[in-house]
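Enquirer: My structure is below; once you've seen it, I'll send some questions.
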Amino acid sequence: MIIVDKDNFQAEVLEAEGLVVVDFWSPKCEPCQALMPEVAKLAEKYSGQAKFCKLDTAANRRLAISQKVLGLPTIGFYRNGEKIAELTKEFTIDDVEAKLKELLS
5 MIIVDKDNFQ AEVLEAEGLV VVDFWSPKCE PCQALMPEVA KLAEKYSGQA
55 KFCKLDTAAN RRLAISQKVL GLPTIGFYRN GEKIAELTKE FTIDDVEAKL
105 KELLS
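Here is the structure:
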């Protein structure tokens, strides 16, 4: 997974071709910490089909707000510079994979 921040978010996410999955997280968010290894497994499973990134919202608050991330954990799905889908707060890794499959089909 690529670590993104205010310096590389534009290039890695908004200017990327294809599907980009962004895991918005925070060090103090326990559900985020629990989800992260599972998201990393999806990143390996779908390598070559989707790009996976993660953004620490505590260190990049303005960027998170600009992406309308108001709660955690949040998974954002981007294509051609636009957020096309989002899962937030109450979701499972199965929900993430189902949305990923839907967007890849």
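Just so it is clear: in the sequence shown, position 71 is 75 by our numbering, and no numbers are missing. Every residue gets a Cβ at the ideal spot worked out from N, C-alpha and C, and that includes glycine.
What is the rounded straight-line gap between the Cα of Lys32 and the Cα of Leu107?
Expert: Whole-angstrom Cα-Cα distance: 30 Å.
Enquirer: Taking Leu93 as part of the beta strand (DSSP E), name the residues at either end of that continuous run.
Expert: It should be noted that the sequence gives Lys, not Leu, for residue 93. It is not in any beta strand (DSSP E) - Lys93 carries neither H nor E in the DSSP assignment.
Enquirer: Quick one: what's got a C-beta closer than 8 Å to Leu18's C-beta in the same chain, skipping five residues either side?
Expert: Excluding positions up to five away in sequence, the list reads Tyr82, Gly85.
Enquirer: In the DSSP assignment, what are the bridge partners of Leu23?
Expert: DSSP output for Leu23 lists Ala54, Arg83 as bridge partner(s).
Enquirer: Which residue comes first and which comes last in the alpha helix (DSSP H) that contains Val43?
Expert: It spans 34-49 - the alpha helix (DSSP H) in which Val43 sits, taken as one unbroken run.
Enquirer: Tell me which same chain residues have a C-beta within less than 7 Å of the C-beta of Cys36, skipping the five on either side of it?
Expert: Answer for Cys36: Trp29, Ser30, Leu76, Pro77, listed in chain order.
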